[in-house]
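If you're matching them up, the sequences are chains A and B in order.
Using our numbering, the first residue of the first sequence is number 107, and each one after it goes up by one.
Using our numbering, the first residue of the second sequence is number -14, and each one after it goes up by one.
Glycine included, each C-beta is placed from N, C-alpha and C at the ideal position.
All of these numbers come straight from a predicted model, not from anything done at the bench.
As structure tokens, the structure follows; a few thoughts come after it.
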Amino acid sequence: MDSRAARRPSRLLRNIPAKIASIPMILTALVIFLGGTVWTVVYSFTNSKLLPRLSFVGFDQYERLWAAPRWIVSIQNLAIYGLFSLIFSLGIGFLLAVLMDQKIRFENTFRTIFLYPFALSFIVTGLVWQWILNPEFGVQSVVRSLGWSTFTFDPLYTSSIVIYGVLIAALWQGTGLVMCLMLAGLRGIDEDIWKAARGDGIPAWKTYLFIIVPMMRGVSVTPLVIIARGIVKVYDLVVAQTSGGPGIASEVPAKYVYDYMFLAQNLGQGFAASTMMLITVAIIIVPWAYLEFGGGRKRV
Amino acid sequence: MSDRSSLVAASASRLQPGPAGRKPRRMLSPRNIMLYGTLLVAAIYYLIPLYVMVVTSLKGMPEVRLGNIFSPPLEITFEPWVKAWSQACTGLNCDGLSRGFWNSVLITIPSTLISIAVASVNGYALANWRFKGSEVFFTILIVGAFIPYQVMIYPIVIVLRELGIYGTLTGLIIVHTIFGMPILTLLFRNYFAGLPEELFKAARIDGAGFWAIYLRIMAPMSLPIFVVAMILQITGIWNDFLFGVVFTRPEYYPMTVQLNNIVNSVQGVKEYNVNMAATILTGAVPLIVYFVSGRLFVRGIAAGAVKG
């Protein structure tokens, strides 16, 4: 900023109130975000149990981690959940946004309905869907009582599909937001493009598919980042809806970390698992940031 | 997928080549039936859980056991609500959700105010009073927003323990301030940067300092963004579960944690109607904020994710 040039020469004394006011930010950035992360990564190489201790054991914790069936299940669940929630949230969100973009009546009512689940916590979401998917009283029993007595839809108590039960709840909670962001993107598209496409006699669905979707790439980044962050963070939903069960069938990495740190008192395992989560995020975020910020020439 | 085919049909019929200008449209065209039909089906899907929650919470337990979760209550009773509020059990004590509610109030109000105060000053400093390194800290902050909380939780436990506030409400408020900081700082920084710079310069020439400009000019001009930040924080903090469970003792558990303990407790007979009443009660505050705030809510969430 050029306002800087007008101020007194001494560098450290310049801008004192701003520096004092920024102390909370500086502490958060350096101590918690940077320091905390480094601390956790360092301690993931120790055999800390109840208390953190600096006795290094190399990659022991990681070997144990990747040998643990529960961790493998967690990672698989995260992969399935992540893949499907990415596809479906973007797909359904875009579809709803296109429908909402047809100059419809009651747009605000529909928007309110699609988005309200997002205001609810994952705990509330998980508990509602636990109840709806309850095999004794929920969807399964209702369909059976209608006469289809062999109907089976019991995701929460069937190990092989339990993660899809969680996915249903997550999509209910999150797609409204994606719809809203996509709709904002659609509204931002130049009216002239529509006119040009119309003038060339291109049917609307083709315009959407071949012109609008590629143009939405920039707009999709925001929902994409939100969804990706939500995927890695998924924890409360599983705790509320299934508690990780049946058995370990719906465990996720975030729950593994919590359980090892605060319940099993095996800090080293918890640190190793959380470091793996960090690496997962880095794998997703770094390439994106690299593309976004032009090959890292501006920022690290 | 039927959604897609209807969409295609719906939009295809809109844009026939032909004379320009607005075509008079009939309300009951096939296109509209498809369009509104699809939207209506989607709307019903989104509403079902809310409906099921309300309906279940108004039934007596015998009716819940017999009936169908979608059927309206034959006999409306508010007993489950009363029970959820004042008698539901979490493990040992049975004083209902009310305690969790007041805890959440005690957590949410100061956390919201403090986090917004801190972040708005940060944003203001970053927008108008940059100093050497300020952008570096800001970048760390934004990158930090992507680090999973699980990575930073234990170091924070240690810091709070050293400060002697681990397990207290103060500790939790600090944690909420820390994790609210990246998004809120970004929000305020971008907003303040968008205000006309002449204002700032004029105030400088008149001799106003850092705090005077913030309090007298920047903050009063930025009420909308403060409202957006408040919506973001109230709903976010009220809905938090992880920090509540990690950083507080059971007597300070927020409502979400208590709700989960009530519903997923293994002891006793499951009272689904009470559980659903408790679930609605917990969801009520953010829902009210959502319905009252309307479009600002969307703006808040969207703004939080826009890159700076």
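For the region 332 to 362 of chain A, residues whose beta-carbon sits nearer than 7 Å to a beta-carbon of chain B comprise I332, R335, V338, K339, Y341, D342, V345, A346, S349, A360. For T75 of chain B, the beta-bridge partners assigned by DSSP are B:N78. Taking all protein chains shown into account, D296 of chain A has fewer than 16 neighbouring C-beta atoms within 10 Å of its C-beta and is therefore exposed.
Rounded to the nearest angstrom, the gap between the Cα atoms of I229 of chain A and R323 of chain A is 32 Å.
For T241 of chain B, the secondary structure class from DSSP, reduced to helix, strand or coil, is helix. M285 of chain A and R16 of chain B have their C-alpha atoms spaced approximately 21 Å apart.
Contact check between the region 260 to 276 of chain B and the region 214 to 223 of chain B: three or more CB pairs, one atom from each, fall below 8 Å, which counts as touching. Not a single CB atom of chain B sits nearer than 8 Å to the CB of F151 of chain A.
Assignment of T62 of chain B by DSSP, reduced to helix, strand and coil, places it in the coil class. In the structure shown, T258 of chain A falls within a coil segment according to DSSP collapsed to helix, strand and coil. Proximity of the region 113 to 123 of chain B to the region 121 to 131 of chain A meets the contact definition, three or more beta-carbon pairs being nearer than 8 Å. For the C-beta of R120 of chain A, the chain B residues within less than 8 Å are, from N- to C-terminus, F116. The alpha-carbon of L157 of chain A is positioned some 54 Å away from that of S251 of chain A. In chain order, A27, A28, Y31 make up the part of chain B whose C-beta sits under 8 Å from the C-beta of F220 of chain A. For V179 of chain A, not one C-beta of chain B is nearer than 8 Å to its own C-beta.
Under a criterion of Cβ atoms nearer than 7 Å, the residues of chain B adjacent to K125 of chain A are, in order, F116.
For F162 of chain A, the three-state secondary structure derived from DSSP is strand. Residue range 175 to 206 is occupied by the alpha helix (DSSP H) that includes F190 of chain A. Against chain B, the CB of P393 of chain A has no partner CB under 8 Å away; the residue lies outside that interface.
Sorting B:V136, B:F226, B:Q243 by C-alpha distance to the C-alpha of R84 of chain B places B:Q243 at the top. For D80 of chain B, the closest C-alpha among the options B:Q72, B:F86, B:W87 is that of B:Q72.
Taking the CA atoms as reference points, M240 of chain B sits about 22 Å from I141 of chain B. With fewer than three CB-CB distances shorter than 8 Å, the region 377 to 397 of chain A does not count as touching the region 189 to 199 of chain A.
Within chain B, Y30, Y31, P34 have C-beta atoms less than 8 Å from the C-beta of W278 of chain A, given in sequence order. Look at T233 of chain B here: in three-state DSSP terms it is strand. Per DSSP, reduced to three states, the secondary structure at G152 of chain B is strand. The beta strand (DSSP E) runs of length 3 or more contained entirely in the region 308 to 353 of chain A do not exist; there are none.
DSSP lists no bridge partner for T124 of chain B. For T264 of chain B, the chain A residues whose C-beta falls within less than 7 Å of its own C-beta are V230, L233, V234, listed in chain order. In this structure, A:E357 is the residue among A:V392, A:V137, A:E357, A:G142 with its C-alpha nearest to the C-alpha of V268 of chain A. Per DSSP, the continuous alpha helix (DSSP H) segment holding E297 of chain A begins and ends at 297 to 305.
N214 of chain A counts as exposed, since fewer than 16 other beta carbons sit within 10 angstroms of its beta carbon. Here P223 of chain A really is in contact with Y31 of chain B; their C-beta atoms are around 6 Å apart, less than 8 Å. Inter-segment contact for the region 96 to 111 of chain B and the region 161 to 174 of chain B is present: three or more beta-carbon pairs are separated by less than 8 Å. Pairing Y275 of chain B with I333 of chain A, the inter-Cα distance amounts to about 21 Å.
In the DSSP annotation of this structure, the continuous segment of the alpha helix (DSSP H) that includes R217 of chain A starts and ends at 213 to 225.
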